[in-house]
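J.: Count the sequence shown with UniProt numbering and you get residues 1 to 267, in order.
Think of the CB as a built atom: it goes at the ideal place given N, C-alpha and C, for glycine as much as any other residue.
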Amino acid sequence: MTVISKSDVIAATGTGSFPGLAALIMRLMKIDAFNRMIHEAGDLEGVDFTKFVLNFLGINIKIDAKDLAHIPSTGSFIAVANHPYGAIESLALLNLLVSARPDTLFMGNFLLKRVPHLAEYIIAVNPFETVKDSSSISGLKTTLCKLRSGIPVAIFPAGEVSAFDFKTKRVTDKEWHPVVGKLMAKANVPVLPVYFHGDNGIWFSLLRYIHPSLQTARLPAELFNKKGMTLQVRIGKPIYPDNTSARQTSGHLLANSRTATYALGNR
Numbered sequence: 001m002t003v004i005s006k007s008d009v010i011a012a013t014g015t016g017s018f019p020g021l022a023a024l025i026m027r028l029m030k031i032d033a034f035n036r037m038i039h040e041a042g043d044l045e046g047v048d049f050t051k052f053v054l055n056f057l058g059i060n061i062k063i064d065a066k067d068l069a070h071i072p073s074t075g076s077f078i079a080v081a082n083h084p085y086g087a088i089e090s091l092a093l094l095n096l097l098v099s100a101r102p103d104t105l106f107m108g109n110f111l112l113k114r115v116p117h118l119a120e121y122i123i124a125v126n127p128f129e130t131v132k133d134s135s136s137i138s139g140l141k142t143t144l145c146k147l148r149s150g151i152p153v154a155i156f157p158a159g160e161v162s163a164f165d166f167k168t169k170r171v172t173d174k175e176w177h178p179v180v181g182k183l184m185a186k187a188n189v190p191v192l193p194v195y196f197h198g199d200n201g202i203w204f205s206l207l208r209y210i211h212p213s214l215q216t217a218r219l220p221a222e223l224f225n226k227k228g229m230t231l232q233v234r235i236g237k238p239i240y241p242d243n244t245s246a247r248q249t250s251g252h253l254l255a256n257s258r259t260a261t262y263a264l265g266n267r
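And the structure:
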């Protein structure tokens, strides 16, 4: 099964004028290895698929039982998480949340839905671009509808992998996208903060300053170089809506959620 094809690489990197370069990039960036791993997963889906990939790579998830107990057993919520790696945390978050709440869905780019093993868990919408076309509007409406019907939704509000911030001199998420704050305000449901320790390192982060496509192309290689890693995860207590006072603005909701998420990294 080919999830990322040579034509995808050419389109992303603009290497169509250089015959053979796309194939070289696919080898160097472990895209071929990624496609083979997906093929070996066969018909596994959801949690079973995430377990296969994590076991294939020898990645262990470290999380306290008390943190897992913070996942609401009923009702909808919005899980928000930092995005330090690009792939591992996506698999880990699905594994943890869907194991506890099998009805959990993930709000993400339509590209995620190209991995058929995860398709039924992905709401195919890119919330991190200006909503212009009908499919994006439909996806946002679907997300809000799911939340209002009691289904949890997980989001990486940055919309892209964490990068080195020259102001703070740390690898961190860029500013979280305001559309996520608007979704929080409209849904008026608990927010579950999730924090993943670690990052891909400064050199990966600097690739975005050369060309964003280089960072994207590098993600499969970053997945494979984490073999044998222990991924430490924290899940905080749900932040419940304050219905006793005037409704907070979407900006405040988003800022408070980000603060709560990153505070977990200091515990």
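(1) Which parts of the region 153-203 are runs of the alpha helix (DSSP H), unbroken and 4 residues or longer, counting only runs that do not cross its ends?
(2) What are the start and end residues of the beta strand (DSSP E) that includes alanine 232?
(3) How close, in whole Å, do the beta carbons of phenylalanine 196 and alanine 154 come, if the pair is a contact with beta carbons under 8 Å?
(4) Just list the alpha helix (DSSP H) runs in the region 3-50, keeping only unbroken ones of 4 residues or longer that don't cross its boundaries, in chain order.
(5) By alpha-carbon positions, which one of Gly265, Thr172, Ile61 and Arg101 ends up nearest to histidine 70?
(6) When DSSP labels each residue in this structure, what does lysine 226 get in the three-state scheme?
(7) In angstroms, rounded to a whole number, what distance separates the CA positions of threonine 2 and valine 233?
(8) In this structure, how does DSSP classify asparagine 60 when only helix, strand and coil are distinguished?
(9) What three-state label does DSSP hand isoleucine 239 in the structure shown?
(10) Can you name, in chain order, every residue of its own chain whose Cβ lies under 8 Å from the Cβ of alanine 23, other than the five neighbours on each side?
(11) Would you grab the beta carbon distance between valine 9 and isoleucine 31 for me? Rounded to a whole angstrom, and I think it's under 8 Å.
(12) Please classify serine 257 as buried or exposed, where buried requires at least 16 neighbouring CB atoms within 10 angstroms.
(13) State the start and end residues of the unbroken alpha helix (DSSP H) segment that holds isoleucine 88.
(14) What is the rounded straight-line gap between the Cα of valine 191 and the Cα of isoleucine 239?
(15) Whole angstroms are fine: how far does the CA of arginine 208 sit from the CA of leucine 144?
T.: From the atom records:
(1) 178-187
(2) As written in the sequence, residue 232 is glutamine, which differs from the alanine given in the question. Per DSSP, glutamine 232 belongs to the beta strand (DSSP E) from 230-235.
(3) Incorrect: roughly 13 Å between the Cβ atoms, too far for contact.
(4) 6-13, 21-28 and 31-40
(5) Arg101
(6) coil
(7) 30 Å
(8) strand
(9) strand
(10) Lys6
(11) 7 Å
(12) buried
(13) 88-100
(14) 5 Å
(15) 32 Å
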